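In this note's numbering, each residue carries its 1-based index in the sequence shown increased by 981.
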Amino acid sequence: KIRGDNGHHVVESAFKAFSRALRNLLDGTTTTGEESANFKAIWGVTSDSYRQSLELNRKASISRKTKETSIDVMLELDWMHSGVAVSTGLPTLDKVFTKLAQEANMSLSVKCAGDTWVDDHHTTEDVGIAIGQCLNKALGTKGGLNRMWCARASSGKATVEVTMDLSNRPCLTHNLALASNTGGEEYVGGEGCDLSLEMLEHALDSLVMNGQMTVHIVQVKEGTKVLDTALATAAAFGQALKLCLAVDPRRAGKTA
């Protein structure tokens, strides 16, 4: 604990993280062992968790208009049965949110018309806000959900780990090498691309704050390109979200 942080939440989260690790130990599963028989039995496509998750029919849509942007988002937590189509006017941002949705196994449609002739700020922020609000709306009370998970993913030479809690206490922390990236890049995807480095962080922050989740992102290994770090982050985020969204039948609908 660093003095000045909320001591109550630090202690509470630490004990909850310990209890989840203990539960995985008792279940004979790990956060990286999705191919194991125990994992498939508890969380796989033939499990009670999978069946009950689909039975909830969780979906939401949002239309959000400001002076700078007009956004329509439709989201379904249905194991991507309706596909993923993201069109924000910023191709790099499209890649990030597409990767996140695919790894989370959720259907996502995003259409945005924004003032990209000015810069990437309003579109990036407002798309993150709209997706986060839509996700939070689809989740409802979050009763009975697994709620917490940790995932690690790689893209190129970049490796990123994401720890997530659907906590209703939004917070984002990370150590991603963005402005300090070793290649000296100023844009995600290289010079002349459409998404500036600070906007990647802004997109994540907008999503987390409006999705009402606690997310800790650790850059395990920096990529040679910032785009690789961004896609590794999106993949790990999506994988963690997929298991947080899953129904845990042992909770009998109760909020963790």
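Beta carbons are placed, not taken as given, at the ideal position from N, Cα and C, and that holds for glycine. Just so you know, these numbers come straight off a predicted model, no measurement behind them.
Could you tell me which residues DSSP pairs with residue i in its beta bridges?
| i | result |
| --- | --- |
| D1096 | BP columns for D1096 are empty, so no partner. |
| W1130 | M1145 |
| K1040 | E1057 |
| L1157 | In DSSP, L1157 forms no bridge with anything. |
| A1196 | The sequence shown places Val at residue 1196, rather than the Ala named in the question. Beta-bridge pairing links V1196 to M1145 and L1153. |
| S1090 | M1055 and A1066 |
| S1034 | Answer is none; S1034 lacks a bridge partner. |
| S1136 | A1139 |
| K1118 | Paired residues: none, contrary to the question. |
| K1046 | S1051 |
| V1169 | L1176 |
Residue i and residue j look like a contact to me (Cβ under 8 Å); what is the Cβ gap, rounded to whole Å?
| i | j | result |
| --- | --- | --- |
| L1058 | A1119 | 6 Å |
| T1073 | D1175 | 5 Å |
| A1217 | V1141 | 5 Å |
| E1167 | L1181 | Between L1181 and E1167 the Cβ distance is about 12 Å, and since that is not below 8 Å, they are no contact. |
| V1143 | A1132 | 6 Å |
| W1060 | A1227 | Going by Cβ atoms, the distance from W1060 to A1227 rounds to 10 Å, so no, they are not a contact pair. |
| D1209 | G1137 | 3 Å |
Quick one: residues in its chain with C-beta nearer than 6 Å to the C-beta of residue i, no 5 flanking neighbours on either side, listed in chain order?
| i | result |
| --- | --- |
| R1039 | L1058 and A1119 |
| D1029 | P1230 |
| F1078 | V1067 |
| G1109 | A1184, S1187 and L1188 |
| D1053 | S1044 and K1092 |
| A1094 | S1051 |
| G1219 | L1081, E1084 and A1085 |
| S1135 | A1213 |
Helix, strand or coil: which one does DSSP assign to residue i?
| i | result |
| --- | --- |
| M1180 | helix |
| S1028 | coil |
| C1225 | helix |
| S1051 | strand |
| K1202 | strand |
| F1218 | helix |
| R1001 | helix |
| A995 | helix |
| K1123 | coil |
| N1162 | coil |
| L1208 | helix |
| D1186 | helix |
| A976 | Past the edges of the chain, shown from 982 to 1237, lies residue 976, and the structure says nothing about it. |
| G1009 | coil |
| E1084 | helix |
| D1101 | coil |
| L1074 | helix |
| G1109 | helix |
Tell me whether residue i is buried or exposed, calling it buried when 16 or more other Cβ atoms sit within 10 Å of its Cβ.
| i | result |
| --- | --- |
| K1241 | Not covered by the structure: residue 1241. The range shown for the chain is 982 to 1237. |
| W1130 | buried |
| Q1114 | buried |
| R1128 | buried |
| S1161 | exposed |
| W1098 | exposed |
| T1104 | buried |
| D1075 | buried |
| K1206 | buried |
| G1234 | exposed |
| A1111 | buried |
| G1171 | exposed |
| L1147 | buried |
When you measure from the CB of residue i to every non-hydrogen atom of the ligand FMN, does any distance come out below 7 Å?
| i | result |
| --- | --- |
| A1233 | Among the components of this structure there are no ligands whatsoever, and the ligand FMN is therefore not found. |
Skipping 5 residues on each side, what residues in its chain have a beta carbon closer than 7 Å to that of residue i?
| i | result |
| --- | --- |
| M1055 | S1042 and S1090 |
| T1236 | T1122, K1123 and G1124 |
| Q1200 | V1141, N1156, L1157, A1158 and T1210 |
| R1232 | G1125 |
Give me, in chain order, the residues of the same chain whose beta-carbon lies closer than 8 Å to that of residue i; leave out the 5 immediate sequence neighbours on both sides.
| i | result |
| --- | --- |
| T1154 | V1196, H1197 and I1198 |
| P1151 | V1189, M1190, N1191, G1192, Q1193, M1194 and T1195 |
| D1101 | L1071, L1074, D1175, L1176, S1177 and M1180 |
| N1005 | T1011 and T1012 |
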